[in-house]
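Visitor:
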Amino acid sequence: MNLWLSTLLMGVAATAFIDLWSLVRAQWLGVTKPDFGLVWRWMAGIPAGRLQSPNIQQAPAVPGEAWLGWCAHYAIGVSFAAALIAWQGEHWLTKPTLLPALVVGLVTVMAPFLLMQPGMGLGIAAAKTAHPNSARLHSLITHLLFGFGLYGSAVLIQLFRHPLSL
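To convert, take the position in the sequence shown, counting from 1, and add 7; that gives the numbering used here.
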């Protein structure tokens, strides 16, 4: 399996893993599932110079925002997987280790804390939400789980490449 396909599969699998977590979290803890349509609504304004929306929920809807938001969510997951491979090198895929994947998961939480949440009117690290500490904790857990998903998917890819090598 080539590098690009491995990276794509890792990013998609790790993103799907946190999406499953979002479903479990919603069921068990009553936490609202992410609305990636709102993410696309925010992203769609960036080319026009609108980096920040005072309240993204009140901004006009963008055609196809739900589908495009999900596509962006998965594309971002793939780009984070690519960042892990760029940092660790292609050799990491042959002998994946947990720590680098968790570091990437932790570092990626900076994207919502410093870019997406402020841009959507929620403040830095969800400071303007009703329960900022809870939102931060859920973001941290989700991004750490993304790191576990990167590692787990890399292990599975390696198992499919060389079933007896691990």
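Using N, Cα and C, we set each Cβ at its ideal position, and we do this for glycine too.
Just so we're clear, the structure is a prediction, and the values are computed from it rather than from any experiment.
1. With contact counted as at least three CB pairs below 8 Å, one residue from each stretch, are the stretch 31-41 and the stretch 124-132 in contact?
2. Can the beta-carbon of residue 113 be found closer than 7 Å to that of residue 161?
3. Spatial neighbours of residue 10 within its chain, please: CB distance less than 8 Å, with the 5 preceding and 5 following residues excluded, ordered by chain position.
4. Taking only three categories from DSSP, how would you classify residue 50?
5. Is the CB-CB distance between residue 18 and residue 47 below 7 Å?
6. Beta-carbon separation of residue 21 and residue 156 under 7 Å?
7. Kindly indicate which residue of 169, 165, 167 and 154 has the alpha-carbon position closest to the one of residue 88.
8. Leaving out the 5 sequence neighbours to the left and right, which residues in its chain are closer than 7 Å to residue 64 when beta-carbon positions are compared?
Guide: Taking the definition as stated:
1. Here the stretch 31-41 makes no contact with the stretch 124-132; the two share fewer than three CB pairs at distances below 8 Å.
2. no
3. 92, 97 and 100
4. helix
5. no
6. For the 7 Å CB-CB criterion, residue 21 and residue 156 form a contact.
7. Comparing C-alpha distances from residue 88 to each of 169, 165, 167 and 154 shows the shortest one belongs to 154.
8. Once the five neighbours on either side are set aside, the close Cβ partners of residue 64 are 45.
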